[in-house]
Structure formats: C-alpha cells, structure tokens
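Comments concern the structure below.
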Amino acid sequence: MRTLVMVACAVSLAACSSPPKPPTVSGRHRIPINSPAAQEELRLQVFPQEPTAQATMWPARPPKQTVNVYFPQDVTVFRPTSAQINQLHTLLWPVPKHINVRGLTDNNCPPPGDTQVARVRALAIYNWLINQGVPASRITISYAPVKDYASNAPLSPGRVLNRRVDIEILRK
C-alpha cells in the first residue's frame, strides 16, 4: 500500500511539473483595436448610458452666413475656383432654409448697363446653386448697380470689392 501511494504521488508530481501545451493561434478572431468601429464599440462599453443619437452629422452653424463672390470688370460668367466650390459646398449642406443672392456692381457703366451686369451675375450664381441641388423655391435673387459698397475708393483696387455677388445663407 505504501508503494502504491508513493507511485501515485510520483505520477501526480510528474504530471504537475510538465508545462502545458501552448494554445494554437489561428488569427481568425483578430479585432483591430485602432479602427473607428473598434473605438466606437469601446466607447459604448465604457459609456453605455450616453445615447448615440446626440451625435450630429453637421456642426452647429450660425443662423446667417454671407459669402462674397467677386467678378472681374464686365464679366458675368461664374467660373468658381476649387476653393470657392469647397467653401460653398460646406455652407450649402444640409440645404439651408433660404438663400438670398444679391448681384452688385462698381458703378463703372451707365446705370442700365450696370443693372444688366448685376442681374446676369446674380442669375449665374442662381443657376450654379440649382445645378448643385438647391431647390429653386429656396433662392431669392436681387440685384442693384449702386448699393452696398464694400469700398468707396474710386481707384481700381477698391472697386474690385464692389463687383460681387453676395450669397446670404439663412438657416432659421
């Protein structure tokens, strides 16, 4: 009996002293920890009471913003630069409640000519906005040859600021 106990103890000691087999790793269940989905899942695990509906797609914007588009003298065609397109696209989406388009000139021509130039510039911006997906019912056009001068300077550098179309974006 004593030998049986000694053999049992020796076997159990030998079994405990050998290291366990390492687990096999296949890599099938890997989860990237820096991916946006993993970060969102971790955030939800840490802060479960925080509703995700509060996250807004668009940042809060002021109720009224104005963008000025400048034109060379006697030019009525709107050829936006990529910077202007990016600026306008960020302001136009989501589609605002209303947009006022106001064509202005530098009073360089006689009044009938300036009125026509201001009107065609405003229409060029209006057509561009419609082509970008803004509903026509949300756009109002106005134009004036002698109004709202940005600069009263009689020289060319000051007059450039007056040859413009103001795009007023109203959110409320």
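Numbering (mature numbering (1 follows the signal peptide of the UniProt record, and there is no 0)), first residue to last: -15 to -1, 1 to 157.
Every residue, glycine too, gets a C-beta built ideally from N, C-alpha and C.
Taking C-beta atoms as the reference points, Arg156 and Asp91 fail to come closer than 8 Å. CA-to-CA, the gap between Thr100 and Pro79 works out to about 32 Å. Taking 8 Å as the cut-off, the Cβ atoms of Arg104 and Gly88 count as close. The beta carbon of Tyr55 is closer than 8 Å to those of Val145, Leu146, Arg148 and Arg149 in its chain, skipping five residues each way along the sequence. Sequence-distant partners of Thr125 (beyond 5 residues in either direction) whose C-beta falls short of 8 Å from its own C-beta, in its chain, are His83, Ile84, Asn85 and Val86. Around the beta-carbon of Ile154, 16 or more other beta-carbon atoms lie within 10 Å, marking it buried. Pairing Ala(-6) with Met(-15), the inter-Cα distance amounts to about 14 Å.
For Gln69, the closest of Ala(-8), Val119, Asn53 and Ser122 by C-alpha to C-alpha distance is Asn53. Inclusion of Tyr128 and Ala107 in the CB contact set at 8 Å is warranted, their separation being smaller than that value.
With respect to the 8 Å criterion, Pro130 and Pro81 are not classified as neighbours on the basis of their beta carbons.
About 10 Å separates the beta carbons of Leu77 and Gln50, which is beyond the 8 Å limit, so they are not a contact pair. Val102 counts as buried, since at least 16 other C-beta atoms from the protein chains shown sit within 10 angstroms of its C-beta. Each of Thr75, Gly98 and Arg13 was checked against the Cα of Ala45, and the nearest Cα belongs to Thr75.
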